[in-house]
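Quick note, the sequence shown lines up with residues 492 to 638 if you use the working numbering.
Using N, Cα and C, we set each Cβ at its ideal position, and we do this for glycine too.
Keep in mind it's a predicted model, so treat the numbers as computed, not measured.
In what follows, a single structure is set out as structure tokens and then discussed.
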Amino acid sequence: MGHTLLDTKKGPILCETYRFTSLGAFLYFELFKCIEEKFMPVKYRNCGRWFIMKHTTFSHYCKRMISSNPPKSCRDNAMRHNFKEKIKNDPVWEIYNRAYKQHYARFMKKKMSKSEFAEWGEYAIQLRTKADDDELEIDEYQELIRI
Numbered sequence: 492m493g494h495t496l497l498d499t500k501k502g503p504i505l506c507e508t509y510r511f512t513s514l515g516a517f518l519y520f521e522l523f524k525c526i527e528e529k530f531m532p533v534k535y536r537n538c539g540r541w542f543i544m545k546h547t548t549f550s551h552y553c554k555r556m557i558s559s560n561p562p563k564s565c566r567d568n569a570m571r572h573n574f575k576e577k578i579k580n581d582p583v584w585e586i587y588n589r590a591y592k593q594h595y596a597r598f599m600k601k602k603m604s605k606s607e608f609a610e611w612g613e614y615a616i617q618l619r620t621k622a623d624d625d626e627l628e629i630d631e632y633q634e635l636i637r638i
């Protein structure tokens, strides 16, 4: 390791310089630099590829395209799969999703106005939250959300 002074338009900058004898030494150094900066190597949950994790919402899934028609990324596929699993494993979300689809169909067939659908959506989210917090029984929740 050494230091070099670089002249720039904004003034001189002191930079660290490194010389490596092999690619392996460089990769080893780079790995530990990433860990030092709190960027961890992680395996993508969906496709199994490795990456340096950045602190973002969807950091566990890559943006690699897995199909072209319609265009879907690994991330899109994982989000859809996770939502389906959530619905399958949680009766509150399953009831909400079924009621949402019914009300959306009414909206699309013009049997419900946009404002009525939006109003129902807010109401349904409040009910779902109460049911998640065990303030409502499942049977009562199921009856109320269909209104």
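Proximity below 9 Å, CB of residue i to CB of residue j
{"i": "alanine 615", "j": "isoleucine 636", "result": "yes"}
{"i": "isoleucine 557", "j": "asparagine 568", "result": "yes"}
{"i": "threonine 508", "j": "glycine 493", "result": "yes"}
{"i": "glutamate 585", "j": "lysine 592", "result": "no"}
{"i": "methionine 570", "j": "tyrosine 552", "result": "yes"}
Cβ separation of residue i and residue j, assumed to be a contact under 8 Å, to the nearest whole Å
{"i": "cysteine 506", "j": "threonine 499", "result": "With 8 Å as the limit, cysteine 506 and threonine 499 do not qualify as a contact, their Cβ atoms being about 10 Å apart."}
{"i": "cysteine 525", "j": "isoleucine 543", "result": "5 Å"}
Residue i, buried or exposed, once every other Cβ within 10 Å from all chains shown has been counted against 16
{"i": "alanine 622", "result": "buried"}
{"i": "valine 583", "result": "buried"}
{"i": "asparagine 537", "result": "buried"}
{"i": "leucine 514", "result": "exposed"}
{"i": "tyrosine 632", "result": "buried"}
{"i": "arginine 555", "result": "exposed"}
{"i": "leucine 518", "result": "exposed"}
{"i": "tryptophan 611", "result": "buried"}
{"i": "arginine 510", "result": "exposed"}
{"i": "leucine 497", "result": "exposed"}
{"i": "arginine 619", "result": "buried"}
{"i": "alanine 516", "result": "exposed"}
{"i": "alanine 609", "result": "exposed"}
{"i": "alanine 596", "result": "exposed"}
Fully enclosed by the segment 551-634, which beta strand (DSSP E) runs are 3 residues long or longer?
-> Counting whole runs of 3 or more residues, the segment 551-634 contains the beta strand (DSSP E) stretches 556-559, 562-564.
Ordered list of alpha helix (DSSP H) runs contained in the segment 503-532, each at least 4 residues | 514-527, all fully within the segment 503-532.
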